[in-house]
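Heads up: the sequence lines are chains E, W and G, in that order.
Heads up, the final residue of the first sequence is numbered 497 in the numbering used here, and it's a clean run with no missing numbers.
Heads up, the final residue of the second sequence is numbered 1416 in the numbering used here, and it's a clean run with no missing numbers.
Heads up, the final residue of the third sequence is numbered 2121 in the numbering used here, and it's a clean run with no missing numbers.
By construction, the Cβ of each residue, glycine as well, lies at the ideal position given by its N, Cα and C atoms.
Beneath this line is the structure, given in structure tokens, with notes to follow.
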Amino acid sequence: MSGKFDVAIVGGGVVGCAIARELSRYQLKVAVLERAADVARGTSGKNSGVVHTGINVPADSVKGKYNVAGAQFFEQYCADLDVPFDRCGKVIVALGESELPDLEALKAKGEAIGVQQLEIIDRDTLKKMEPNIEGAGALNVPTAAIACPYTLNIALAESAAAGGVEFMLNTPVLDISGEQDSFEIKTPNGTVSASLIVNSAGLFADKVARMVGVTRWRIWPCRGEYLILDRSKGDMINSMVYPVPPKGGAGLGIHITPTTDGNIILGPSADYTNDGDDVRTTAKVRRQLLAEATEFLPVISPRDVITAYSGMRPKLVPSSVGGFGDFVVAEVPEAPGVMQLVGIESPGLTAAPAIAEEVSKWVRERLPVKKNPDFKKTWSSVRRTREEELGVIDELVAEDPGYGEIMCRCEMITRREIIDSINNELNATSVNAIKYRSRATMGRCQGGFCGPRIVDLLIKHGGAPESLTLNGGGSWMFMGSTEDLRAERKAERARAK
Amino acid sequence: MVDPKLVDVAVIGGGPAGLAAAAEAKGAGADRVVMIERDERVGGILPQQIHDGFGTKVFKEALTGPEYSAIYEARVNERGVETWLKTTVTGLSRDRVLTVRSDRGVQTIKAGAVILAMGCRERTRGAIGTAGTRPAGVYTAGAVQYYMNVSNLAVGRKVVILGSGDIGLIMARRMTLEGAEVVCVAEILPQPSGIAGNIVRCLEDFNIPLYLSTTVVEIHGKERVTGVTLAEVGPRMGEKKGTRRFIECDTLLLSVGLIPETELANDLGLLMSPATNGAIVDESFHTSAPGIFSCGNVLQVHDVVDYATLEAEKTGIAAAKWAMTGKLPDSKINITAGAGLRYVLPATISGEDAIDFTTRPWEEEHDKSIVFKSGGEVLRRLKMPHMEPAGMIRVRVGKGRFRHVANNEITVEVED
Amino acid sequence: MKSTIVCIVCPVSCPVDVEWTKEDGVLGIKNQLCKLAGPYVESELFDPRRLLTTSMPVDGGDWPLVSIKSSPPIPKDMMLKAMDEITGVRVKAPIKVGDVLITNILDTGCDMVATRNVKNV
């Protein structure tokens, strides 16, 4: 993979892909360099999916500016890209009387940054809104919303690719030399030349910055673990439910968040770690999340958990310092021609569309552009059928019988949706590439039934067993055929004689 | 949308229970019997269970899974059951209207009787919450069995198995025969979960170590499993300090329990048993919703397919009878599981017929008896030289024994 | 000699107490629930056998593998040798349950017999 580009975007997370899409409006040669086997494999694929109002961030911060701007058109953004979006609202709950003053303070903070329709509600109103939650009162934030973060990331990437952006997967950046208008980006697959670079490398943005001589930042990875609950318990809450963090700070202040697929997620936790790739889940956090969640929402139990995941926040402040760390969205004097996007943790998802517009402006100030007639105004990665009316299903099946055959029973995903996911625009080939596009294997049986049948499909489509991976790279799934294993052992026994 | 098609008996699931129920429903005289299966073939789990041990009760012969399945598949075809493959039931109402989806589109069916025979799914890593990374190489035992015996795919070379239930033990032998190294089987309980016979022919035959009171506390490996950390647990399943040890492997197989696929039953609001995780049924395998029956693993997890078959055959006959006459024996006598027993099925009986009760003890017991009592009187006492939780017990109680039932209550318990 | 042998004929897995000598064979058994335990225990002591089940790759069939079993059970200590003997052998569809796919494997007098129907595609 090599070539000359106008803009090289390092990092295929939601921000990098939002920028790619923005730039695909113009006839520019753009490349996205992503180290993993697919987009959305880092922080962008492992967060809460919350579209923030800005209530959590200082009004005069960079975070605040991009949060509010992004939130304004996020709903339309998702509609254009067929990404699930739900303005379910949020209630911030005062567990006891002593937390009620905190609600007033939060309300004032929200109003300062321009959040609309904030309202303090009393115990009875809260009970009507959320019958399964007990609280002294709450701050109702009706404009808060959720979206599917990885579906958005994928849709941004695919619409950009369809519009002419080149996606280089499995392509980590090893080194960068040169300067504006003639950068040379070294990768294991060849050298990419670019006039401008966008550093949207998330957890590794500080490393990429150092490659262009900028040493002023260090990323402190901070892991957040989550638990996902069975979809059948999805209607235990109607909006996002966050308690005011208890005084003394011993607890996590459990967040209970619905997802656009009807699950409930618990979390995240917050644990600083040395390794940005250390996304394991721990027994300690699982116990903590369940203890706090079952106390706050007694209708759920540990048996409702179907799986856990964790994501990593690229924090700019270490735990020893603590406190607020702001976004960096800027070109710095040490490295002209490089847009640095550093420390893009929460509210990064919400901010992505606004950051993309800003970066697009920056690019257009430096390069001449012409409109791209191939720009994809709208996009649908995989046509989902689960929520469709039965009459629509019949029409779809008439067009393609694959829309009728349900392969993933837990999530009601059809064969056609899985085949569309296999044949994706980015040519991402791992099993997870299919999972995050179709939702297959994300249900309560976690691929127990559909997993083997998807594998059968992949092998029928020409994949050799040894080449199938769960997540790209070295995540092989099979050493070969049953016969291969026998033959290996037979040869070993023969040698041992 | 066309008017709902009418069938006499709709069987949801084409595994061993569904096959037997459908065959008998047709045999009992039901006119139109439809068996609805989501997979592209019937047989359920049987086609991948290429080992023997099936049919020792029904055929007095130890057949392999595929052979056992072939017998009932032939029966179903001979008797004229309609088999709908690659068809999923997406909705079921209390008045027995089914919505099904297949590559022919959406259809609604109105059934005289419905038999729930959907079987189980395997408990997953996500559900038991094993800490660690999420690399490739973590599989449930049943999925590996499918890969190995149906798809011709080998998942790895060096295997640790968590769970000594029968599926885990069978896979320990299977992986070894097919050329893998099974490093060990870990079992969280202080005794094995599978039957003693499997300990002999799956572990002892191959010198595979079994570590009791041991579980996997962490999974390692960034992209592919590189090993697991085992640790011992105490009496309350808490980790015992200082017992952690790292075992190198590239594959972790989980055999940590089966969960009845009761989604449709839950949506219907059927009365469910917390002990079996299946529906509460009477002697006709009739659930709390009129005309809706349940049998096989979705009703109670079986370890002997023959018992699932016998249960399903009774269910098929009863469902056909219901569909044709709307009448079944009035099950007024309550059956309660007493000391020592986890559950007794069915929950209610009529007392008009002999009943094959099924039950499981809480713990391994030697030289005890299972006693059926009512109003202080013993109705039936069965000596059990050996009982274990892993082995479902089937006890026949003749109709004559129910003559002395007092207050419509029978308690079943373990006694010396 | 006294031993306890778990009978594996059926899932009840009776722990059978056996009194036996090498010269005179089985003298008496206790704890069994049925008649099948006797022959099993005798076999297990003096000529342990196992039903070997595995599969073989199929060419031209609607299944990639045909499941097979040894008929009758083969000597226990020959299981892995038998696996090596089977490895590398391919069979052609169509196959019916009961078809003999390998005759007299390793001169044991046992055949490897198909347990699955595989149709031609």
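The beta carbon of C2110 (chain G) does not come within 8 Å of any beta carbon belonging to chain W, so the residue lies off that interface.
One alpha carbon belongs to D38 (chain E), the other to S200 (chain E), and they sit about 15 Å apart. The criterion of a C-beta distance shorter than 8 Å is not satisfied by D1052 (chain W) and A1320 (chain W). Against chain W, the beta carbon of E405 (chain E) has neighbours under 7 Å at K1086, S1102, D1103, listed in chain order. DSSP places V214 (chain E) in the coil class of the three-state scheme, outside both helix and strand.
For the stretch 1040 to 1056 of chain W, residues whose beta-carbon sits nearer than 8 Å to a beta-carbon of chain G comprise P1047, I1050, H1051, D1052, G1053, T1056. The beta-carbon distance between A1117 (chain W) and L1098 (chain W), rounded to whole angstroms, is 13 Å. This is too long to meet the 8 Å contact definition. Secondary structure note for A1111 (chain W): its beta strand (DSSP E) is the uninterrupted segment 1105 to 1116. Against chain W, the CB of I2008 (chain G) has a partner CB under 8 Å away; the residue lies at that interface. E:R313 is the residue among E:F296, E:D261, E:R313 whose C-alpha sits nearest the C-alpha of S269 (chain E).
Note on G190 (chain E): under 16 other CB atoms within 10 angstroms of its CB, so exposed under the neighbour-count rule. When C-beta atoms of the stretch 486 to 497 of chain E are compared with those of the stretch 1099 to 1107 of chain W, fewer than three pairs fall below 8 Å, so the two segments do not count as touching. For L1254 (chain W), the closest alpha carbon among the candidates W:V1217, W:T1287, W:I1370, W:E1232 is that of W:V1217.
Counting only Cβ-Cβ distances below 8 Å, K490 (chain E) has contacts in chain G at M2083, D2084, T2087, G2088, in chain order. Pairing P465 (chain E) with S481 (chain E) gives a Cβ-Cβ distance under 8 Å. Nearest CB-CB separation between R2049 (chain G) and chain W: not below the 8 Å threshold. Any Cβ of chain E closer than 8 Å to the Cβ of P2075 (chain G) would place that residue at the interface, and such an atom is absent. Of the candidates E:N427, E:R437, E:S430, the residue whose Cα lies closest to the Cα of T414 (chain E) is E:R437. DSSP places G178 (chain E) in the strand class (E or B) of the three-state scheme. Straight through space, the alpha carbons of K1060 (chain W) and A155 (chain E) are spaced by roughly 59 Å. The three-state secondary structure of V2121 (chain G), taken from DSSP, is coil.
When beta bridges are read from the DSSP output, R1381 (chain W) appears opposite W:V1371. For the stretch 470 to 489 of chain E, the set of residues with a beta-carbon nearer than 9 Å to any beta-carbon of chain W comprises L470, N471, G472, G473, G474, S475, W476, M477, F478, M479, G480, S481, T482, E483, D484, L485, R486, A487, E488, R489, in chain order. Here F296 (chain E) carries a helix assignment [DSSP, helix/strand/coil]. Selection G:D2024, G:D2059, G:N2031 evaluated against P2094 (chain G) yields G:D2059 as nearest (Cα-Cα).
Here the stretch 1278 to 1286 of chain W does not lie against the stretch 1233 to 1252 of chain W, with fewer than 3 beta-carbon pairs under 8 Å apart. Here A136 (chain E) is not near E104 (chain E), since their CB atoms are 8 Å or more apart. Contact between G13 (chain E) and T43 (chain E) holds: their C-beta atoms lie close to 6 Å from each other, under 8 Å.
If the five residues before and after A330 (chain E) are omitted, its C-beta is found closer than 8 Å to the C-beta atoms of M339, Q340, all from its own chain and listed in chain order.
T1309 (chain W) is outside the set of residues whose beta carbon lies under 8 Å from a beta carbon in chain G. In the displayed model, E1040 (chain W) falls within coil according to three-state DSSP, outside both helix and strand. If you compare the alpha carbons of W:G1391, W:G1163, W:R1244, W:D1416 with that of G1257 (chain W), the shortest gap goes to W:G1163. Annotation: A1127 (chain W) to Y2040 (chain G) spans about 41 Å, alpha carbon to alpha carbon. Contact of E1364 (chain W) with chain G is not assigned, every C-beta pair being separated by 8 Å or more.
If only uninterrupted alpha helix (DSSP H) runs of at least 4 residues are considered, none is enclosed by the stretch 178 to 209 of chain E. For G70 (chain E), the enclosing alpha helix (DSSP H) starts and ends at 62 to 80.
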